[in-house]
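With the numbering used here applied, the sequence shown corresponds to residues 19 to 136, in that order. Every residue, glycine too, gets a C-beta built ideally from N, C-alpha and C. First up is the structure itself, then whatever we jot down about it.
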Amino acid sequence: MLKLHFAPNSRAGRILWLLEELELPYELNAMSFHPKDLKSDEHRSRHPLGRIPVLDDGDVSIYESGAIVEYVLARHKDGGLKPAIDSPMFPEYLQWFHYCEGMVMPPMNTIVVHTILL
19 MLKLHFAPNS RAGRILWLLE ELELPYELNA MSFHPKDLKS DEHRSRHPLG RIPVLDDGDV
79 SIYESGAIVE YVLARHKDGG LKPAIDSPMF PEYLQWFHYC EGMVMPPMNT IVVHTILL
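Have a look at this one:
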């Protein structure tokens, strides 16, 4: 069974959404951002920098939310959320998938910090 190491208001939310959308069974390990959770030896065995999210799938632990999304869609069912690799739409899907994370998220984070957190 999948196990998601999760903290509220983190990028783990996108993984939680994906697991729900695909109706995959999973266990949720709710964590805090406190160093006692993130810097523990147990958690660092999953992620050497002590970050979240981390997804355990049997003996496999994978981190970085974008990598987890790609892993789940490739390894489990994709629910029609991504085109087949031989589809003419696959290259465009990949471009937008990575564009959003690399180009859209940085300015969105700045907006959130300056309008909500400061």
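Output the boundary residues of the beta strand (DSSP E) element that contains residue 24.
First-last of the beta strand (DSSP E) with residue 24: 20 to 24.
Distance check for residue 133 and residue 65, CA to CA, integer angstroms please.
Whole-angstrom Cα-Cα distance: 31 Å.
Identify the residues that DSSP records as bridge partners of residue 73: which are they?
BP columns for residue 73 point to 22 and 80.
Under DSSP, the beta strand (DSSP E) around residue 48 begins and ends at which residues?
That run of the beta strand (DSSP E) goes 44 to 48.
Check whether the stretch 78 to 86 touches the stretch 47 to 61, counting contact only when three or more Cβ pairs, one atom from each stretch, lie closer than 8 Å.
They do not touch, by the three-pair rule.
Taking the alpha-carbon of residue 43 as reference, which of 127, 22, 105 and 69 has the nearest alpha-carbon?
Nearest of 127, 22, 105 and 69 to residue 43, Cα basis: 22.
Tell me which residues share the same chain as residue 19 and place their Cβ nearer than 8 Å to its Cβ, disregarding the 5 neighbours each side in the sequence.
Only 43, 44 and 45 meet the Cβ criterion.
Using 8 Å as the threshold, is the C-beta distance between residue 71 and residue 102 below it?
Not a contact, by the Cβ cut-off of 8 Å.
Taking the alpha carbon of residue 47 as the reference point, which residue from 89, 73, 77 and 67 has its own alpha carbon closest?
Taking only the C-alpha atoms, the option nearest residue 47 is 73.
Indicate the three-state DSSP secondary structure (helix, strand or coil) for residue 67 in the structure shown.
If DSSP states are grouped into helix, strand and coil, residue 67 belongs with coil.
Could you round the C-beta distance between residue 40 and residue 94 to whole angstroms and report it? I think they count as a contact, below 8 Å.
Confirmed, about 7 Å.
In chain order, what residues of the same chain lie with their CB nearer than 6 Å to the CB of residue 75, ignoring the 5 residues before and after it?
Answer for residue 75: 20, listed in chain order.
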